[in-house]
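In UniProt numbering, the protein residues as written are 1 to 129.
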């Protein structure tokens, strides 16, 4: 098993769970809870990981939505600035229709419109590049 770097705070929470079956998350910061999930996963504490996932979904759904929005915006920015990364990908032909439509709806896609249509036609035919 690889060496795992665990803070004393997280170690204390996990040890209390292992020996007492009790975990108290109410006073912990969100980032600490996410760290506990990651470390519990590395330690293969499946039951604890599942409990923590359920806790996060039930108690911090808006945090998850916000993080997903940040990730989506990050990738949309990459796609807009470097569309060839997607359009010239070996797997472009297998891109789901909804994903392609989402990309094409980007107003500031930095690619010639004629070239975009060529890619869309090749996608429609299922052709590889």
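Ideal placement from N, C-alpha and C gives every residue a C-beta, glycine not left out.
query: Whole-angstrom Cβ separation of residue 81 and residue 106, contact assumed at under 8 Å?
result: On the chain shown, residue 81 is found 81 positions in, with the first residue counted as 1. On the chain shown, residue 106 is found 106 positions in, with the first residue counted as 1. Incorrect: roughly 10 Å between the Cβ atoms, too far for contact.
Three-way DSSP call (helix, strand, coil) for residue 28 in this model: The sequence position of residue 28 within the chain shown is 28, counting from 1. Coil.
- request: Assign residue 89 to one of three DSSP states: helix, strand, or coil.
  value: The residue you call residue 89 lines up with position 89 of the chain shown. Residue 89 falls in the coil class under three-state DSSP.
field: Inter-residue CB distance, residue 65 and residue 53 (contact presumed, cutoff 8 Å)
entry: Translated into positions along the chain shown, residue 65 becomes position 65. Translated into positions along the chain shown, residue 53 becomes position 53. Wrong, their Cβ atoms sit about 15 Å apart, outside the cutoff.
field: For residue 61 and residue 97, the rounded distance between their alpha carbons
entry: Counting from 1 along the chain shown, the entry for residue 97 is found at position 97. Counting from 1 along the chain shown, the entry for residue 61 is found at position 61. Those two C-alpha atoms are separated by around 28 Å.
Identity of the residue in 72, 68, 32, 83 nearest residue 9 by Cα: Start at 1 with the first residue of the chain shown, and residue 9 comes out as number 9. Nearest C-alpha to residue 9: 32.
message: Three or more C-beta pairs under 8 Å: does that hold for the stretch 66 to 77 against the stretch 40 to 50?
response: no
query: In the structure shown, what three-state DSSP assignment does residue 5 receive?
result: Taking the chain shown and counting its residues from 1, one reaches residue 5 at position 5. Correct three-state label for residue 5: coil.
query: With burial defined as no fewer than 16 other Cβ atoms inside 10 Å of the residue's Cβ, what is the status of residue 40: buried or exposed?
result: Translated into positions along the chain shown, residue 40 becomes position 40. Residue 40 should be labelled buried.
- request: Could you tell me which of 44, 27, 94 sits nearest to residue 4, measuring between CA atoms?
  value: What you label residue 4 is simply residue 4 of the chain shown in a count that begins at 1. Residue 44 is the option with its Cα nearest to residue 4.
query: Using the C-alpha atoms, what's the distance from residue 101 back to residue 15?
result: Taking the first residue of the chain shown as position 1, residue 15 is located at position 15. Taking the first residue of the chain shown as position 1, residue 101 is located at position 101. Those two C-alpha atoms are separated by around 48 Å.
query: Looking only at C-alpha atoms, which of 123, 25, 67 sits nearest to residue 90?
result: Translated into positions along the chain shown, residue 90 becomes position 90. Nearest C-alpha to residue 90: 123.
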